[in-house]
Amino acid sequence: MAAFDPSNVVLEAEGVSFRYESQYVLKRVSLTLHRGELLGLVGPNGSGKSTLLKVMLGLLPLAEGTVRWFGVPLNRFRDWARIGYVSQKAASFNVGFPVTVEEVVRMGLIARLGIFRRPGKKETEKVLEALEFVGMADFRRRNIGALSGGQQQRVFIARALVGDPEVLILDEPTVGVDRHSEVRFYALLEKMHKERGLSIVLVSHDLGVVSEKMDTIVCINHELFYHGSASGFRAACDEIVARAYGQEMKIITHAHDPGEEAIYR
Amino acid sequence: MIGSLAQFWAAVSAYPFLRNALIAGLITGIVAPLIGSFVVVRRLSIIADALAHVMLSGVALGYLLGSTSRVFAAVPPIYYGTAVALVAALLIERLRTMYRSYSELAVPIIMSAGVGLSIVLIGLARGLNVDLVGLLFGNILSVTQADLLRIVVAALIVAVTIALLYKELLYLSFDDEAARLSGVPAKTINFIFSALIALVISVSMQIVGTLLISALITLPVAAALRLAKSFRALLTLGVVFAETSVLVGMAAAYTFDLATGGTIVLVAILILLAVLVWQKRLRA
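So the protein sequences, as listed, match chains A and B.
For the first sequence, my numbering begins at 9 and goes up steadily by one.
For the second sequence, my numbering begins at 5 and goes up steadily by one.
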């Protein structure tokens with residue numbers, strides 16, 4: 009993977025805590041994302057990964073700690089067009105919704121366009137370009153509900169890309185998609201990084217693939233357990249996983265997969 | 005059917021009150037499915053029904069107030085109804101956040117409050133000349149020139165607002181979290197949306213009456229939903245089905261001397277059934 013620029017900080021979260029009543033979901037979690045960095049956010053189910061994303065994106069209130077996007081504190085940050093976000097919920101939308109692939113991707117232009125402005129010819133071209141980038145241009149007139157999980161996922165990535173963001177945040181994009189789509193997804197991830205120079209935060213519970221494909225790993229389970237290079241994570245993986253996930257957790261290897269990738273079960 | 009349409013057309017050309025009725029009906033046939041498309045995909049069909057019932061209490065209030073003073077009487081009762089429906093729309097949003105895990109409770113609470121209030125107010129207004137049947141079941145022949153002007157203005161507001169906020173409304177309906185992240189002011193737009201529903205109800209009230217307003221908002225869209233692949237197609241088909249219901253319904257009601265509102269809604273039901281049956285055959 010290409011090296012990122014350590015002097016150029018895109019996102020800085022410091023001591024972020026979040027509570028549901030008295031229960032801590034996040035306790036003093038910090039992380040930093042640099043320009044061009046591929047960051048894998050891992051942790052067990054219910055460890056607060058999605059909550060951390062939502063707090064950093066201002067979708068949940070930030071009670072303790074600080075979050076800065078491009079140096080601007082979260083409460084004053086308005087330039088959301090610079091950030092593309094594919095939520096976990098995107099995969100569980102109402103499949104009966106009468107909307108085409110093209111219409112879904114066009115929604116991603118709202119942050120750039122602003123209120124009252126209607127998308128024109130230039131925007132239509134942008135939509136097509138984003139769909140071509142993710143390899144879904146041929147499906148643009150199809151109903152989104154009629155596509156497979158992997159195809160839907162690529163459409164939602166196109167929606168996040170269409171506004172030309174600098175950062176892309178993906179929450180469990182490979183959950184519920186087949187193996188083939190997963191391989192395609194990681195190829196797309198590399199392409200986005202190489203051709204668009206995107207900084208990417210990828211949330212996953214798939215430790216093996218993530219520690220291989222990303223530059224940096226952040227491992228949380230309500231608290232921060234690891235924040236450092238992927239190679240450092242691989243070297244100390246057993247120890248980190250034992251502490252963050254508990255002793256009973258094992259990394260198993262899928263021998264039948266050609267790439268032999270470790271998958272968390 | 006062609007014969008009855010031709011007969012109806014001749015009558016429309018001859019009688020101005022029928023012309024008013026037809027124009028009002030056709031306008032309703034545009035705005036009801038326009039707002040209805042968003043109402044249905046946001047799963048808010050039941051709210052349209054609740055607001056219609058609340059509007060009835062507002063109209064009754066208008067009649068009562070009008071009987072007490074000339075100042076109040078200067079404003080037609082339907083405006084009181086629209087105002088009360090707007091307040092109710094706000095209350096529903098408020099109640100939905102208060103009962104977060106039972107948010108659907110907000111609708112029966114507001115609806116029963118509306119119906120209860122209507123019954124009491126209409127009871128109080130018994131001595132007054134209130135066309136209760138017209139309010140409940142619609143009285144399309146009562147559309148005056150002033151009504152028509154009000155309906156045109158309200159419909160224009162609805163259509164222009166939907167055109168201006170189309171992309172925001174669609175994004176919020178499809179994925180409200182992502183929409184909010186893109187800077188869509190969700191609270192403001194949701195309120196505007198509720199206000200638009202109230203306006204559409206005020207437009208449709210004379211055409212189909214309180215009890216059947218939600219039918220005109222949801223039935224054409226329900227039929228369109230079975231066929232549409234895109235949201236644009238949903239809007240277009242919804243309008244086509246609603247206009248067909250209004251035209252055929254009015255012509256049939258005129259020819260066979262039936263209740264207009266009920267006939268329009270029955271035609272909409274027939275269209276829905278036809279679409280369902282046709283689809284089933286297509287699959288078989």
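Idealized CB from N, CA, C, for every residue including glycine.
Note that the structure is predicted; figures quoted are calculated from it, not measured.
Close-in-space but distant-in-sequence residues of the same chain around B/Ala15 (CB under 8 Å, 5 per side omitted): Leu22, Tyr258
Just to confirm before moving on: does the CB-CB distance between B/Thr86 and B/Met59 stay below 8 Å? yes
Beta-carbon separation (whole angstroms), A/Gly153 vs A/Phe105, contact threshold 8 Å: 6 Å
Residues in its own chain within less than 7 Å of B/Ala232 by CB, not counting five upstream and five downstream? Leu238, Leu241
Give the interface partners of A/Thr108 over in chain B, defined as CB-CB distance under 7 Å, in chain order. Within chain B, the residues near A/Thr108 are Lys233, Ser234.
Check whether the Cβ atoms of A/Leu139 and A/Arg148 sit closer than 8 Å, and answer yes or no. The answer is yes: Cβ separation under 8 Å.
Beta-bridge pairing of B/His57 - partner residues as DSSP gives them: The bridge partners DSSP lists for B/His57 come to none.
Enumerate in chain order the residues of its own chain whose CB-to-CB distance from A/Thr182 is below 6 Å, with the five nearest sequence positions on each side excluded. Glu190, Phe193
Look up A/Gln31 in the DSSP assignment and give the residues it is bridged to. A/Tyr28
Quick one: Cα of A/Val17 to Cα of A/Arg76, how far? 9 Å
Short Cβ contact (8 Å threshold) for B/Phe141 with B/Ala263: yes
On the three-state DSSP scale, how would you describe B/Ile205? helix
For the stretch 167-230 of chain A, which segments carrying the alpha helix (DSSP H) assignment without a break, of at least 4 residues, lie completely within its bounds, in sequence order? 187-204, 215-221
Do we get a CB-CB distance below 8 Å when we pair B/Ala246 with the residues of chain A? no
Taking all protein chains shown into account, decide if A/Glu180 is buried (16 or more other Cβ within 10 angstroms of its Cβ) or exposed. buried
Cβ-based burial, A/Ala21 [other Cβ within 10 Å; buried from 16]: buried
For a contact defined as C-beta to C-beta under 8 Å, what are the partners of B/Arg184 on chain A? Leu67
What is the DSSP secondary structure of A/Arg90, counted as helix, strand or coil? helix
B/Leu168: contacting residues in chain A (beta-carbon distance under 9 Å): Chain order gives the chain A residues near B/Leu168 as Ile123, Phe124, Arg126, where near means a beta carbon separation below 9 Å.
Is it true that the CB of A/Val142 sits closer than 8 Å to the CB of A/Leu196? In contact: A/Leu196 and A/Val142 (Cβ atoms closer than 8 Å).
Can you name the residues of chain B whose CB is closer than 8 Å to the CB of A/Trp88? Leu185, Ser186, Gly187
Close-in-space but distant-in-sequence residues of the same chain around A/Leu39 (CB under 7 Å, 5 per side omitted): Ala21, Val226, His235
Starting from A/Thr74 and walking both ways along the alpha helix (DSSP H), at which residues does that stretch end? A/Thr74 -> not in any alpha helix (DSSP H); beta strand (DSSP E) instead, spanning 72-77.
If you draw a straight line from the C-alpha of A/Val109 to the C-alpha of A/Gly116, how long is it? Looking at the two C-alpha atoms, the distance is approximately 12 Å.
Nearest-angstrom Cα distance between A/Gly56 and A/Gln161? 22 Å
Taking only beta-carbon atoms, is B/Val164 less than 8 Å away from chain A? It does not; no Cβ of chain A falls within 8 Å.
Assuming A/Glu238 contacts A/Ser219 (C-beta within less than 8 Å), just tell me the rounded distance between them. A small correction: the amino acid at residue 238 of chain A is Ala; Glu does not occupy that position in the sequence shown. Contact flag correct, Cβ pair sits at about 5 Å.
Endpoints, the alpha helix (DSSP H) within which B/Gly40 is located: 20-45
Does DSSP classify B/Tyr103 as helix, strand or coil? coil
For the alpha helix (DSSP H) containing B/Leu48, list its first residue and its last residue. Careful: B/Leu48 lies outside any alpha helix (DSSP H) and carries neither H nor E.
On the three-pair Cβ rule with 8 Å, is the stretch 149-159 of chain B touching the stretch 199-218 of chain B? yes
Between the alpha carbons of B/Leu2 and A/Phe124, how many angstroms are there, rounded? A query on residue 2 of chain B cannot be resolved here, the shown segment of chain B reaching from 5 to 288 and no further.
Buried or exposed for B/Tyr84, please, with buried defined as at least 16 other CB atoms from any protein chain shown within 10 angstroms of its CB. buried
Residues in the same chain with beta-carbon distance under 7 Å from A/Asp265, minus the five sequence neighbours each way, listed in chain order, please. At A/Asp265, the pLDDT of 44 sits below 50, so the modelled position is not reliable and the matter cannot be decided from this model.
Between B/Glu172 and chain A, is the shortest Cβ-Cβ distance under 8 Å, so that the two count as touching? Yes, contact with chain A.
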